[in-house]
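Residue numbers (our numbering): 573 to 723.
Backbone N, C-alpha and C define an ideal beta-carbon position, used for all residues, glycine too.
This report refers to the structure that appears directly beneath it.
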Amino acid sequence: MITIVQLTLGMTITVLVILVMIITVHHLILITIITLHLILAMIATLLLTLVMITIVLVTLDMIVTVQLILGMIATLLLTTLVMIATLRVILGMIITLHTTLAMTAIVQLILITIILISLAILAIIAQPIPPTMAARFLGYMSPKFAKTQAR
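Below is the structure:
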């Protein structure tokens, strides 16, 4: 009689330990995914800040070459942001379909896509801006070159 009870208890404990281990591993995986999600969000925020700085620099009057380079940097950063946002959408859906994490990542992906399309349209219709005093003030032009332009 005692042997059957011991066997039953032993099996129950084994099953419970296995369940606890599965839950623990599941939690570890979830925590890892959430951590990765947050790291990606931080990287995306930094990249978005760089994009905003780049866009501000592009809107200032500057030499066309500098605008082109900054435009390419902005496009590259936004493309990276789209990839990060896509990865965040996937990670968010792994965590759960109904969390705000997935929804914010989807919204972010849509917004970044709209920004990317807007930048592409801007690049197509953009007219080259002539160098001005603002560009010289920012140090993108030599004073000598600015004087020859003024004449």
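Item, Value
"Alpha carbon to alpha carbon, how far is Leu-608 from Ala-646?", "24 Å"
"Would DSSP call Leu-642 helix, strand or coil?", "helix"
"Just the Cα atoms here: how many angstroms apart are Val-587 and Ile-594?", "10 Å"
"Excluding sequence positions up to five away, which residues of its chain have a Cβ less than 7 Å from the Cβ of Ile-606?", "Ile-667"
"How would you call Leu-642, buried or exposed, if buried means at least 16 neighbouring beta carbons within 10 angstroms?", "buried"
"With a 10 Å radius around its C-beta and 16 neighbouring C-beta atoms as the bar for buried, classify Gly-664 as buried or exposed.", "buried"
"At the level of alpha carbons, what is the spacing between Met-624 and Leu-600?", "36 Å"
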